[in-house]
Each structure stands twice: as structure tokens, then as C-alpha cells.
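Undergrad: Going by the numbering used here, the sequence shown opens with residue 1, and the numbers climb by one from there.
Where a beta carbon is used, it is the ideal one built from N, C-alpha and C, also for glycine.
Here you go, one structure.
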Amino acid sequence: MDHIQHALTTGQLRQTGFDDVMFVHQSLPDRAVTDIKLNTKIGELTLSSPIFINAMTGGGGKDTLEINKGLAEVAKACNIGLAVGSQMSAIKDSNEAATYEVVREINKDGVIFANLGSEATVDQAKRAVDMLEANAMQIHLNVIQELVMPEGDRDFTGALRRIERMVSSLQVPVIVKETGFGISRETAKKLFDVGVSVVDVSGFGGTNFSKIENERRTSRLEFFDNWGISTAVSIAEVKNAVPQKAIIGSGGIQSPMDIAKAIALGASGVGMAGYFLKVYMEEGQEALVKLIHQTHDELKWVMTALGASTIDQLQQVPLIISGETYHWLNQRRVDCAVYSNRSLEE
């Protein structure tokens, strides 16, 4: 609950890089809103919407049980996926298992992601998946958060090998996500090389776990507060390096336009956490359901204007990249002209 409260207090940075991305207007889109389909495939997973509720909480007793129960009800009502927060607390203390199990009890047929850190063993990962009858295993990477966390880990050796063992031992797809600092192309290549199905970039620009953990320190490590790869850059960089692999965009995504830009840069789906949490905690469950339905409607309007009737087509619309995002990608030898000169007709 400390993390929940600090996340709400520190808010989202809104430095995702999406302001540097602009769509090329189409005056003849030749589409109707009723033509638009939002279903998508992310690796081996088929979802009715590109939006899902990303990992947030659990393991904090009754309070987090109620949050996860509410989020599961929202996911069910909106027919979207849901990831729980790290289940390590339930692995260590079985009394906390109910705070996670409630999501499957509420949403029996929904797409649910289990979640553990890269320090987990194969046995722990299997227990986490079984706990939720999960459709996928989400492994989070949070080096910066752990370094800033007063009681955090200080040894990150062997993480890739542990992830590889989980990939080879689990019966569900493995998604590896960052926690707000972005994934580089080098990291993504390593993860896909060991069999990871999907990479969730979780870029810089949303909830900042360095700032959150600094609130819990007596001596602040403020140099980590501006550390990371923006969400827009991370999606484009990974997509350019491994174009055939599945990417989730997350990190500060709030609006239908953010979602459309993330998908157009190369993501097959988007995770939203901090923004949804704020609406849920401050305005209630019904308000969040209404927001998600509205977001679906408005995303369809954006896609109609672009002439993209499917998520696959949205990934092919032309866009212009400028500013710091262009500068970063140019330095990393990503040809931004590929984005600006493509078209749906190709």
C-alpha cells in the first residue's frame, strides 16, 4: 500500500516521447467507424482489445485484495486482459494468495497474467501460474527500483539464465517487462534469443519507481529519477531490431492517441496501470469502466481517420518522428524515414 500511495502522489511524468510522433493525415481514409476491429494477437495470445490492465498490486492484505477484485471486475466488464502485481509475497506467505486468486475467481474466462521478478525460480513461477490459472507469465525487470529501494536487491547476476529456465519449463508464454525505465534493443534481442514470447518495454515517462523509492529513503538517489529510455523510443528501437517479434507498449500511456501511436510505432498491445489506478482510486470502479469503453470508442475514431481497420493495419500507417525521439533513434541508427514513407497500400 506504500507503493500504491506513492504512485498516486508522484503521478506520471508524461515524458513518453509520444509528443514527438505525428500521424500523416489521410483525407480519403475510405473507412467507417463500424469497419474498425480492435482484436489483436500478442505473441501466442489472442485478445479482443489491444488494451490491458498492467501489473499493479497484491500481497498487501485486505486493501490490495479489494483493489485486485475491483480491477478484475473492470477487466471482465470491458473484456480486456489483466496482470497482477508481483506474487512473491504470496509465494513466501500463503495467507497473501487470496489477494491474487480473487482475479480468477471474479474473471473466470478472462486473460490473466501472472507476475514475478527475474529472481524467481522455476518452481516459484509454476506456483504463480497455477495460483491464477494464468494465460501467461509476466517477469518484471526492476534493477533501478531495487537499487533505489532501501531494502532492495543488490545482486542481478544470472537473471537471463533464470528467465531461460522459466521459458523452457512453463506451459504458458513468458512476457518480460520493465518497470518504467524502458528496454533497449540489446536487451530485447537477448530475451528473444532465450525464447521469451513478448517484450513489454514499460518505458520512461509514466510512473517513476525511482521517485517512489526515493520517497522511502533518508538519503535520496535523485540521479536515477531521470534515468531510462522513453516509451516511444523503446518501442521503435525494439521493433527495428526484431521486427517479427511481439511487443507491448507501456509506460505513461493514457489517451487513445497514445495508444494509437504506440501501436503505429510497433506495439501489438498496450498496458495501462498508473492512469487506470488513479481513476479507480479517486473516481471509482464505474468511472474506470466508462473510461475504458470511451477509450475503445475514441481509438476506433483515430483508426478511422487513418484508414486503418485493424491493429495490423495501424502498424503500417505513415507517421513523422521529430525532436528528442528522432535524435535518439537517429543516433541508434534507426531509419525514421521508414515510418514516414510507408503506406497501407504496400
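Do you know whose CA, among LEU299, VAL103, THR207 and VAL242, lies nearest ASP193's CA?
TA: If we check each option's Cα against that of ASP193, VAL242 comes out closest.
Undergrad: Using DSSP with H/G/I as helix, E/B as strand and the rest coil, what is GLU282?
TA: Of the three classes helix, strand and coil, the one that applies to GLU282 here is helix, per DSSP.
Undergrad: Are the CB atoms of MET257 and VAL317 nearer to each other than 8 angstroms?
TA: Cβ atoms of MET257 and VAL317: not closer than 8 angstroms.
Undergrad: For ASP35 and PHE23, what's the separation of their Cα atoms in angstroms?
TA: The alpha-carbon atoms of ASP35 and PHE23 are separated by roughly 20 angstroms.
Undergrad: GLU347: which of ASN240, ALA246, PRO150 and ALA264 sits nearest, CA to CA?
TA: It is not possible to answer for residue 347, since the shown part of the chain is limited to 1 through 346.
Undergrad: Which residue or residues does DSSP assign as beta-bridge partners of MET272?
TA: Looking at the DSSP assignment, MET272 forms a beta bridge with ILE53.
Undergrad: Note down, in chain order, each residue of its chain lying with its Cβ closer than 7 angstroms to the Cβ of ARG332, except the 5 sequence neighbours on either side.
TA: Closer than 7 angstroms at the Cβ level, and outside the excluded window around ARG332, lie GLU237.
Undergrad: Report the partner residues of MET22 according to the DSSP bridge assignment.
TA: Bridge partners of MET22: ILE320.
Undergrad: Spell out whether any CB of chain D is found under 8 angstroms from the CB atom of ASN115.
TA: Chain labels in this structure do not include chain D; a single protein chain is all it has.
Undergrad: Report the rounded CA-to-CA distance for GLU346 versus ALA55, giving the unit in angstroms.
TA: Confidence is the limiting factor: at GLU346 the pLDDT is only 49, short of 50, which leaves the residue's position unreliable, though a coordinate-based value still follows. If I take the Cα positions, the gap works out to 37 angstroms.
Undergrad: Put LEU170 into one of helix, strand or coil per three-state DSSP.
TA: Residue state, collapsed to three classes: coil.
Undergrad: Output the distance between the C-alpha atoms of VAL174 and GLN124, rounded to the nearest integer angstrom.
TA: Roughly 14 angstroms between the two C-alpha positions.
Undergrad: On the CB-based measure, 16 or more other CB atoms within 10 Å of its CB, does ASP200 come out buried or exposed?
TA: Flag for ASP200 reads buried.
Undergrad: Can you tell me whether HIS293 is buried or exposed? The criterion is at least 16 other CB atoms within 10 Å of its CB, across all chains shown.
TA: The residue in question, HIS293, is exposed, as its Cβ has fewer than 16 Cβ neighbours within 10 Å.
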